[in-house]
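Novice: Below are the structure tokens for one structure; questions will follow.
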Amino acid sequence: MKRTDYLKYHLTEKCHRSKLGIVAYANYTSLTSCQRLGLEKKGLAINFSPPEARKVGMEHSCEVMNCAETDGGLSLKNDTRYDYYTLYARPVPDKNSTCVPTIGMFRLLPQKLNYTEAVEQCRNISGVLADITTDQRTDSLGQLLAGSGNEAAFVGLRRSNGSVFKNSRGTTLDCITYRAWAPGHPRRNSTKFECVLISRQKTWLSSACSKRYPALCELNPGGPYKKGSIFTSEKRNGSLTNIIYRK
1 MKRTDYLKYH LTEKCHRSKL GIVAYANYTS LTSCQRLGLE KKGLAINFSP
51 PEARKVGMEH SCEVMNCAET DGGLSLKNDT RYDYYTLYAR PVPDKNSTCV
101 PTIGMFRLLP QKLNYTEAVE QCRNISGVLA DITTDQRTDS LGQLLAGSGN
151 EAAFVGLRRS NGSVFKNSRG TTLDCITYRA WAPGHPRRNS TKFECVLISR
201 QKTWLSSACS KRYPALCELN PGGPYKKGSI FTSEKRNGSL TNIIYRK
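Residue numbers (full-length UniProt numbering): 1 to 247.
Given below as structure tokens:
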């Protein structure tokens, strides 16, 4: 399935412009063209200026952001020229979420859980255990883990039928060339070590699913937006969106 088959930018706040990092910009008269550019550049959100709101001297009408706003919308500024759209409109990502630019929004659950509990807790926050099957994902999520002080966390990779590993989206590892197994992993006893952890050293470890570790959740894009929910007053004193940049 292509990215454009299931992702959609949802109107979040009119007359607001996000000041998060821009990965692409252009001059378009149609929202559809701006959305298409956003998906092409793997943006998590866009600012778009509709024709009736444009002012003389504007440099561009379409801005593609590498991250999305979290609860509180602290990077959103009132700007009558632009409307803000995001892939993550409902629910708006929690203030404890972390952005991996152009990849997605993630949340580390620090309490120790077994694999089944980890799956359920991710589902409760509209997410799944994180996909780690690219170098950028493994590098960035390992960095997130190291910054949290944790050694390892459950992620979305598990043996299916005792042999083949599948990620949370159902893609088998046989169809993916990237690997980051630590020396000695995956362990050969496929019935005892069915689940996978990511380590702070940015490697993959096979583990018994009954063991208890923190969990890394990947938030699912969704909408529609519930008007005003990003600006709930008790959350306006939070911090700006957490962003992981590759070193």
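For each residue, glycine too, the CB sits at the ideal point set by N, CA and C.
#1: Excluding sequence positions up to five away, which residues of its chain have a Cβ less than 7 Å from the Cβ of Ala53?
#2: Name the residue from Gly228, Phe165, Leu157 and His185 whose alpha carbon lies nearest to the alpha carbon of Glu218.
#3: Whose C-alpha, out of Lys112, Val100 and Gly162, is nearest the C-alpha of Asn150?
#4: Can you give me the C-alpha to C-alpha distance between Leu108 and Gly142, rounded to a whole angstrom?
#5: What distance in whole Å lies between the Cβ atoms of Ala118 and Thr86, which are believed to be in contact at a cut-off of 8 Å?
#6: Taking only the alpha-carbon atoms, compute the straight-line gap between Ala152 and Leu145 and give it to the nearest angstrom.
#7: Within the continuous alpha helix (DSSP H) that includes Cys34, where are the two ends?
#8: Using the C-alpha atoms, what's the distance from Phe154 back to residue 276?
#9: On the premise that Tyr88 lies in contact with Met105, defined as a C-beta separation below 8 Å, what is that separation, rounded to the nearest angstrom?
#10: Could you pull out every residue in the same chain whose Cβ sits closer than 6 Å to the Cβ of Arg17, ignoring the five residues on either side in sequence?
#11: Thinking Asp135 and Ser168 are a contact (beta carbons under 8 Å), I'd like their distance in whole angstroms, please.
#12: Once you ignore the five residues that flank Lys19 on each side, which residues in its own chain have a CB closer than 8 Å to its CB?
#13: With a cut-off of 8 Å on the beta carbons, I'd call Ile198 and Ser140 a contact; round off their distance for me.
#14: Cα separation between Cys195 and Asp71?
#15: Would you list the residues sitting across from Asp79 in a DSSP beta bridge?
#16: Out of Tyr84, Gly127 and Thr116, point me to the one whose CA is closest to Ser97's CA.
Specialist: This is what the structure holds:
#1: By one-based count along the sequence shown, residue 53 stands at place 53. Cβ neighbours of Ala53 beyond the five flanking positions: Thr80 and Arg81.
#2: As a first step, residue 218 is located in the sequence shown; it is residue number 218 there, counting from the start. With distances taken between Cα atoms, Glu218 lies closest to Leu157.
#3: In the sequence shown, the residue the question calls residue 150 occupies position 150. Checking every option, the nearest Cα to that of Asn150 belongs to Lys112.
#4: Reading the sequence shown from its first residue, position 108 is the one you call residue 108. Reading the sequence shown from its first residue, position 142 is the one you call residue 142. Between Leu108 and Gly142, the C-alpha separation is close to 11 Å.
#5: Here residue 86 refers to the residue found at position 86 when the sequence shown is read from its first residue. Here residue 118 refers to the residue found at position 118 when the sequence shown is read from its first residue. Not quite, the Cβ-Cβ distance comes to about 26 Å (not below 8 Å), so this is no contact.
#6: For the purposes of this step, residue 152 is taken as the residue at position 152 of the sequence shown. For the purposes of this step, residue 145 is taken as the residue at position 145 of the sequence shown. Distance between the alpha carbons of Ala152 and Leu145: 7 Å.
#7: Counting from 1 along the sequence shown, the entry for residue 34 is found at position 34. Taken as a continuous stretch (DSSP letters only), the alpha helix (DSSP H) holding Cys34 covers Leu31 to Glu40.
#8: Absent from the structure is residue 276, since the part of the chain shown begins at 1 and ends at 247.
#9: Here the question's residue 105 lines up with position 105 in the sequence shown. Here the question's residue 88 lines up with position 88 in the sequence shown. Confirmed, Cβ separation roughly 6 Å.
#10: Stepping through the sequence shown from its first residue, residue 17 is reached at position 17. Annotation for Arg17: Asn47, Lys77, Asp79 and Tyr82 place their beta carbon closer than 6 Å to its own, counting only its chain and skipping 5 residues before and after.
#11: For this step, residue 135 is matched to residue 135 along the sequence shown. For this step, residue 168 is matched to residue 168 along the sequence shown. Rounded to the nearest angstrom, the Cβ distance from Asp135 to Ser168 is 18 Å, too far for a contact under 8 Å.
#12: In the sequence shown, counting from the first residue as 1, residue 19 sits at position 19. Once the five neighbours on either side are set aside, the close Cβ partners of Lys19 are Ser75, Leu76 and Lys77.
#13: Translated into positions along the sequence shown, residue 198 becomes position 198. Translated into positions along the sequence shown, residue 140 becomes position 140. Not a contact, Cβ separation roughly 10 Å.
#14: In the sequence shown, residue 195 corresponds to position 195, counting from 1. In the sequence shown, residue 71 corresponds to position 71, counting from 1. Each residue's alpha carbon lies about 32 Å from the other.
#15: Here the question's residue 79 lines up with position 79 in the sequence shown. For Asp79, which the question treats as bridged, DSSP gives no partner whatsoever.
#16: Counted from its first residue, the sequence shown places residue 97 at position 97. Ranking Tyr84, Gly127 and Thr116 by Cα distance to Ser97 puts Gly127 first.
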